[in-house]
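As structure tokens, the structure follows; a few thoughts come after it.
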Ligand code: DC
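Residue numbers (the numbering used here): 23 to 246.
See the structure below:
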């Protein structure tokens with residue numbers, strides 16, 4: 023395997039990207055970069071600044087003053103927003119919804135893509151997101167497009183919420199997933215799509231171990 027290499031994992035929300043990317047990065051002994059967390063940190067900043075998701079000029083103006091960086095503690099990515107570790111604050115539905123809307127903004131994307139490329143130029147990475155194989159790291163050694171049916175993704179999210187003791191409605195979760203997929207796939211800049219040279223892995227009927235093994239096999243095949 024080369025000294026420095028990049029593995030790009032893209033796909034819709036709930037396909038299992040972050041769990042799988044974490045497992046693969048651990049097996050390979052390289053860092054895992056969760057780019058969704060960066061878009062979430064930016065969304066949290068915009069919410070705090072009182073910017074509306076519909077105000078694209080306001081988002082463009084405000085995003086310049088958000089200083090987002092990442093740090094690793096025990097191998098776990100931490101997202102730092104203007105000096106504050108916000109990793110524990112970005113997993114709410116409010117932040118998810120704002121991240122999905124504000125990530126269509128070209129200025130937001132330009133700023134975060136620059137940070138992502140810088141990280142990959144310094145270290146070997148497993149990086150997950152929506153546009154990693156297509157835009158951020160078009161020369162990544164391995165590109166995976168991880169997906170699953172919306173019904174399966176909704177059920178996984180439903181089970182997670184129920185396990186946390188939260189009330190939720192399966193049909194509503196699936197409707198939200200379909201709406202978010204649509205927005206991510208049809209936005210003008212860097213829409214979610216499979217790169218021509220990405221390997222498609224449909225995880226609908228696979229468990230975490232099977233998907234991790236499938237990806238490690240693909241890495242082995244591509245990088246030796
Ligand atoms: O993967 P996630 O749910 O944490 O991502 C949050 C939002 O950020 C999601 O709506 C899509 C957006 N995103 C993006 O546009 N590009 C990326 N590389 C990663 C996430």
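Just so you know, even glycine gets a beta-carbon here, dropped at the ideal spot from N, CA and C.
Counterpart residues of residue i in DSSP-defined beta bridges
i	result
residue 164	29
residue 106	103
residue 54	148
residue 221	166
residue 90	103
residue 46	Residue 46 is not bridged to any residue.
residue 98	95
Cβ-heavy atom distance, residue i to the ligand DC, below 7 Å
i	result
residue 225	no
residue 61	yes
residue 37	no
residue 198	no
residue 105	no
residue 121	yes
residue 156	no
residue 175	no
residue 118	yes
residue 172	no
residue 97	no
residue 70	no
residue 114	no
residue 57	yes
residue 33	no
residue 179	no
residue 202	yes
residue 143	no
residue 246	no
residue 187	no
residue 78	no
residue 129	no
residue 109	no
C-beta atoms of residue i and residue j nearer than 8 Å
i	j	result
residue 44	residue 31	no
residue 184	residue 190	yes
residue 85	residue 64	yes
residue 147	residue 53	yes
residue 192	residue 120	no
residue 66	residue 137	no
residue 222	residue 42	no
residue 179	residue 37	no
residue 34	residue 206	yes
residue 103	residue 92	no
residue 56	residue 150	yes
residue 101	residue 108	yes
residue 196	residue 172	yes
residue 225	residue 46	no
residue 122	residue 202	yes
residue 117	residue 62	yes
residue 29	residue 241	yes
Quiz item: Any chance the region 68-80 sits against the region 165-178, with 3 or more Cβ pairs inside 8 Å?
Solution: no
Exercise. Evaluate contact between the region 125-132 and the region 205-222, counting only Cβ atoms and requiring at least three cross-stretch pairs below 8 Å.
Key: yes
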